[in-house]
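Protein chains in written order, with this note's numbering: chain L, 2 to 563; chain S, 53 to 249.
Backbone N, C-alpha and C define an ideal beta-carbon position, used for all residues, glycine too.
Below is one structure, written out as structure tokens, with a few remarks after it.
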Amino acid sequence: MSENTTASTSPGVPVEDPTPFGWLTTADHKRTGRLFIICSLLFLVLGAVFDLLVRLDLTSATDFVSLGADSFAQGFAFSREALTLLFLIPVFLGLSMYMVPLQIGASNLAFPRAATASFWTWQISAIVLIGAYLGNGGPYGGWANGVDLHLLALSGLVVALLLGAISVATTIMTMRSPGLYMDETPPFTWSSLVSASMLIVSLPVLLGQIAILYIDHRYGRVFLLGNYGIWERIDWIHRTPQLFIYVVPVLGVAAEVVLAAARRRVFEPLAMYFTIGLVGLFGFGAWTNFAITGEGADIIDGFEGVVLVALYGGALLGTVGLLGLLGLAVIQNRKLPKLSTSLVAVFGAGTLVLVGAFVGLLGAAGDWLEIAGRGNDGNPQLRMTTWVTGQQSVLIYGAGLLGLLAALHWWAPKIWGRQLNELLGLLNFLVIGAGALLAFIGPTLSGLLTEQPDFVYADPSATAIYSGWVDDSGAAGLSSIGAAGVAILIAGVALLLLNLFVSVGLKKGAQATDDPWGAQSPEWMLPSPPPMGEPEELPMLTSGTPLLDSAEAEAEAEEVPV
Amino acid sequence: MSDTTPTLASGQAQRPRAQLVATGFACAATSMMMAGALGFYMARRHASGPHPGHDWLDGLAVPNPQFDYALLTLVASMVTAHWALWASRRRDTAHAWTAIATTLILGLGFINMVMYSLNRMGLEIGAGEYQNLAFATTGLALAVVVIGLLYLGLMGLRSLGGSVGQQGSTAFGAAVFFWDFAALVWAVTWYTVYVVK
């Protein structure tokens, strides 16, 4: 990993230890951010492999193809937990930890040691979580202590992510350069604040639920039926609308990349902040578990449908608004921006957030209006079918992974001092995009056309995958499409890791200049990569687009006749 | 870095209220944690009854006077915590020490009183649905109080151990704010689980 090891000599500024031990005890936001990003990518591979195994099992409604009757349910639960808690949330949290201080002119995060503690707590909890599953624990596990261990690991993950989110949000609120007001912060910083704030108010709900589930499972199992009651009460963090909170940073990345490519400011900055905030706000899904478990269902019955429609509608409105504003900026420039991996990837990611919100809205409206007889006469509602898996695929694999691809290509110069290979990047975009589309289309159509149940509603004690549901309309074929999509995605992730290894690890990527993209935001004023440790001097910022300000001032000066 | 860009020396741009803001975020997170737990409690209670002959408490009798005294102790500790903050802002070390010590003693007294009340009530973990739910929600609320007490003690010692004054008081003020919040968490939990039941 390329790294400028020039240490700061300012009094009171801690000097970073360049040895491996230094990574363990680091107080540098850049190191903590890199640790989160790399480890999340590795966990993504693990989660996607288990997702593939689960989807292979779903290609047959009667026989287990890959995981087997004993471990299918645990593989299903693990793949979802890995893709959200071990990949999607931490990878963007790590990116925020790295980029936010650079974007707001801060020397470090507000609580750099808390951020480091957040990473190690997350890492240790992730290992314990995997250990619990390996020991036949986790939801639907046969080892009672392993089930409890899984709950403890899950609470460790939540606490770790909360610690990181509080660190990022506090940094943005209190450590901006004097003169950089909140309505002038770069879009990625704003999206990080929205996402972190929403994580802070939504993830603790899970913590409260876990406390009760742990007590009941460990002592008497008074209201949990064995351990089958656990998963349906914690599954809401892996479903929409909650998933929108996790992909909010992708919208920030999209705004950064598109505005820089268009060489324009956004038409109306407050509208941009509002639309990003709207997606985060309407992603609050902590209450939806009551709709799943049926506890209190008669309390919310009658308005849960309309609330879901409103949430998806809000997220859709926010996404449409943001993409519209960015499109206006491109049109204003009157020439097509230069094609790059980051640009095509954010185009793909933005479009797929839109698709995710639209599909969510369609499903919620269909359930609410009971279109095609769903919700009546025993026909399952769409949110109880693999329609849900389709939404997860489009948001996690599509929006999340494509957004990450864009972010890594965009900020690789600032993170590693090297540019990633563009040709590999474009190929990577095609592979991940194709995989995400197939992974989305297969289960979505299967849920819609064949009513294939989402596993949480199937009987986990059955010897076949599903009880009471017979595949007589081609779900196996549609599930095969989904499985093929995930297999292609795994190849895409491997390609991304290969690009990182070749361009950064082997230093084959071009040495980056300070601002290789002609970008706008403040981090591009710093060297690529910024020196390790805290900088001796910080830029005094009065705008989130200082480089564009300078370029415009220079252009105006040239136009003035002498 | 561009030569024309004005710069600040490292650290100058930091604002002093980071700890207070972070404490605010922690309070928001804790509120949602308790909302999740108490929401679960209420949903289970709703799903379990009421119906004729149903006894949600399984014959348990809540010792109201003891719980009332515990709450009063907590309210008194809030007053002494603010006294400590008031004194530390005025660099009145003698009053600040006295007030912090009193607050910590009252906090420990509160925990002792709650434990006594639960023992007197005969709340046994694993004995029934109410017992498990009450144990989990009360345990979470007590954990928040214990964290508040530790935070208060640590910031109090740091404040008086050399950083008395406006900056030290800001950190101590954050701890006092969390202590007030912890008292609110307990009050809501007590009202939901032991008054409304």
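Return the Cβ separation of L:I105 and L:I173 in integer angstroms, given the expectation that the two are a contact with Cβ distance under 8 Å. Here residue 105 of chain L corresponds to residue number 104 of the first sequence, with the count starting at 1. Here residue 173 of chain L corresponds to residue number 172 of the first sequence, with the count starting at 1. Sure, about 7 Å apart at Cβ, within 8 Å.
I'd like to know if S:A81 contacts chain L, where contact means its C-beta is closer than 9 Å to some C-beta of that chain. To locate residue 81 of chain S, count along the second sequence from 1; it is residue 29. Interface residue, yes.
Start and end residues, alpha helix (DSSP H) containing L:E557: Locating residue 557 of chain L in the first sequence gives position 556, counting from the first residue. Per DSSP, L:E557 belongs to the alpha helix (DSSP H) from 547-560.
Going by the beta-carbon positions, is the gap between L:F285 and L:P242 smaller than 9 Å? Position 284 of the first sequence, counted from the first residue, corresponds to residue 285 of chain L. Position 241 of the first sequence, counted from the first residue, corresponds to residue 242 of chain L. A Cβ-Cβ contact shorter than 9 Å links L:F285 with L:P242.
L:V175 in three-state terms, based on DSSP: What you label residue 175 of chain L is simply residue 174 of the first sequence in a count that begins at 1. Reading off the sequence, residue 175 of chain L comes out as Thr, not Val. Correct three-state label for L:T175: helix.
Residues, ordered as in the chain, of the stretch 212-244 of chain L that lie near chain S by beta-carbon distance below 7 Å: Cβ contacts with chain S come from A212, I213, I216, D217, Y220, G221, V223, F224.
Which value, in whole angstroms, describes the spacing of the CA atoms of L:Q393 and L:I491? Taking the first residue of the first sequence as 1, we reach residue 393 of chain L at position 392. Taking the first residue of the first sequence as 1, we reach residue 491 of chain L at position 490. Rounded to the nearest whole angstrom, the C-alpha separation of L:Q393 and L:I491 is 16 Å.
For a contact defined as C-beta to C-beta under 7 Å, what are the partners of S:L185 on chain L? Indexing the second sequence from 1 puts residue 185 of chain S at position 133. Within chain L, the residues near S:L185 are I213.
From L:F93 to L:S156, what distance separates their C-alpha atoms? The count along the first sequence starts at 1 and reaches residue 93 of chain L at position 92. The count along the first sequence starts at 1 and reaches residue 156 of chain L at position 155. Whole-angstrom Cα-Cα distance: 20 Å.
Roughly how many whole angstroms lie between the Cα atoms of S:P104 and S:P115? Position 52 of the second sequence, counting from 1, holds the residue named residue 104 of chain S. Position 63 of the second sequence, counting from 1, holds the residue named residue 115 of chain S. With a pLDDT of 49 at S:P104, under the threshold of 50, the predicted position of this residue should be treated as unreliable, and no value is reported.
Hey, L:S590 and L:A197 are a contact pair by Cβ (cut 8 Å); roughly how many whole angstroms apart? Chain L is shown only over 2 to 563; residue 590 of chain L falls outside these bounds and no answer can be derived.
Restricting to runs no shorter than 4 residues, where is the alpha helix (DSSP H) found entirely within the stretch 178-250 of chain L? Complete alpha helix (DSSP H) runs here, min 4: 188-219, 229-235.
Are the stretch 50-67 of chain L and the stretch 217-231 of chain L touching by the rule of at least three beta carbon pairs closer than 8 Å? These segments do not touch.
Under the assumption that L:G404 contacts L:A350 (Cβ atoms under 8 Å), give the Cβ distance between them as a whole number of angstroms. Numbered from its first residue, the first sequence carries residue 404 of chain L at position 403. Numbered from its first residue, the first sequence carries residue 350 of chain L at position 349. L:G404 to L:A350, Cβ: 4 Å. Contact.
Name the two residues that bound the continuous beta strand (DSSP E) containing L:L539. Translated into positions along the first sequence, residue 539 of chain L becomes position 538. Its beta strand (DSSP E) spans residues 538-540.
Could you tell me the alpha carbon to alpha carbon distance between L:D71 and L:G142, rounded to whole angstroms? By 1-based counting over the first sequence, the position of residue 71 of chain L is 70. By 1-based counting over the first sequence, the position of residue 142 of chain L is 141. About 9 Å.
Counting only beta-carbon separations shorter than 9 Å, does L:M533 have a partner in chain S? What you label residue 533 of chain L is simply residue 532 of the first sequence in a count that begins at 1. With respect to chain S, the C-beta atom of L:M533 has no partner C-beta closer than 9 Å.
Short of 6 Å in beta carbon distance, which residues of its chain neighbour S:H147, apart from the five on each side in sequence? Order them along the chain. Counting from one through the second sequence, the residue named residue 147 of chain S turns up at place 95. Closer than 6 Å at the Cβ level, and outside the excluded window around S:H147, lie A139.
Report yes or no: do three or more beta-carbon pairs, one from the stretch 45-54 of chain L and one from the stretch 19-37 of chain L, lie closer than 8 Å? Output reads no: the stretch 19-37 of chain L does not touch the stretch 45-54 of chain L.
Chain S contact for L:P205 (CB, 9 Å cutoff): By 1-based counting over the first sequence, the position of residue 205 of chain L is 204. Chain S contact via Cβ: present.
Measuring CA to CA, which of L:A78, L:S61, L:S80, L:P91 is closest to L:L42? Here residue 42 of chain L refers to the residue found at position 41 of the first sequence. Closest by alpha carbon: L:P91.
Could you tell me the distance, in whole angstroms, from the CA atom of L:N334 to the CA atom of L:A556? Against the first sequence, residue 334 of chain L aligns to sequence position 333. Against the first sequence, residue 556 of chain L aligns to sequence position 555. Roughly 16 Å between the two C-alpha positions.
How about L:G325: is its Cβ closer than 8 Å to a heavy atom in the ligand SAH? The ligand SAH is absent from the structure shown, which contains no ligands of any kind.
By the criterion of Cβ-Cβ separation under 8 Å, what are the contact partners of S:L192 in chain L? As a working note, residue 192 of chain S is residue 140 in the second sequence. For S:L192, the chain L residues whose C-beta falls within less than 8 Å of its own C-beta are G209, A212, listed in chain order.
Counting only beta-carbon atoms, is L:M98 nearer than 9 Å to chain S? Taking the first residue of the first sequence as 1, we reach residue 98 of chain L at position 97. Not an interface residue.
By Cβ distance below 8 Å, which residues in the same chain neighbour L:T464 in space, the five residues on each side in sequence not counted? Working through the first sequence from its first residue, we reach residue 464 of chain L at position 463. Only weak support exists for where L:T464 lies, its pLDDT of 49 falling under 50; the coordinates are left without a value.
Who does L:T386 pair with in a DSSP beta bridge? The residue labelled residue 386 of chain L in the question sits at position 385 within the first sequence. By DSSP's assignment, L:T386 forms a beta bridge with L:P454.
When the Cβ atoms of the stretch 79-89 of chain L are set against those of the stretch 504-524 of chain L, are three or more pairs found closer than 8 Å? Contact fails: fewer than three Cβ-Cβ distances are below 8 Å.
Run through DSSP, which three-state label would L:R419 get? Counted from its first residue, the first sequence places residue 419 of chain L at position 418. Three-state DSSP puts L:R419 in a strand.
L:N109, enclosing alpha helix (DSSP H) - first and last residue: Numbered from 1 along the first sequence, position 108 holds the residue referred to as residue 109 of chain L. Annotation: L:N109 is outside any alpha helix (DSSP H) and is labelled neither H nor E by DSSP.
Residue(s) in a DSSP beta bridge with L:Q512: Position 511 of the first sequence holds residue 512 of chain L. L:Q512 pairs with L:R419.
Name the chain L residues whose beta carbon is nearer than 9 Å to that of S:M84? Here residue 84 of chain S corresponds to residue number 32 of the second sequence, with the count starting at 1. Neighbours of S:M84 on chain L, chain order: I201, V202, S203, L204, P205, V206, L208, G209, A287.
Should L:A365 go down as buried or exposed, given a rule of 16 or more other Cβ atoms within 10 Å for buried? Taking the first sequence and counting its residues from 1, the one referred to as residue 365 of chain L is at position 364. When all chains shown are included, L:A365 counts as buried.
Cα-Cα separation between L:V46 and L:L499, rounded to whole angstroms: Residue numbering aside, residue 46 of chain L sits at position 45 when the first sequence is read from its first letter. Residue numbering aside, residue 499 of chain L sits at position 498 when the first sequence is read from its first letter. C-alpha separation (whole angstroms): 13 Å.
Taking 8 Å as the cut-off, does the stretch 473-488 of chain L touch the stretch 434-451 of chain L (at least 3 CB pairs, one atom from each stretch)? In this structure the stretch 434-451 of chain L lies against the stretch 473-488 of chain L, because at least three pairs of beta carbons, one per stretch, are closer than 8 Å.
Which value, in whole angstroms, describes the spacing of the CA atoms of L:V356 and L:A435? One-based indexing of the first sequence puts residue 356 of chain L at position 355. One-based indexing of the first sequence puts residue 435 of chain L at position 434. Here the alpha carbons of L:A435 and L:V356 stand approximately 15 Å from one another.
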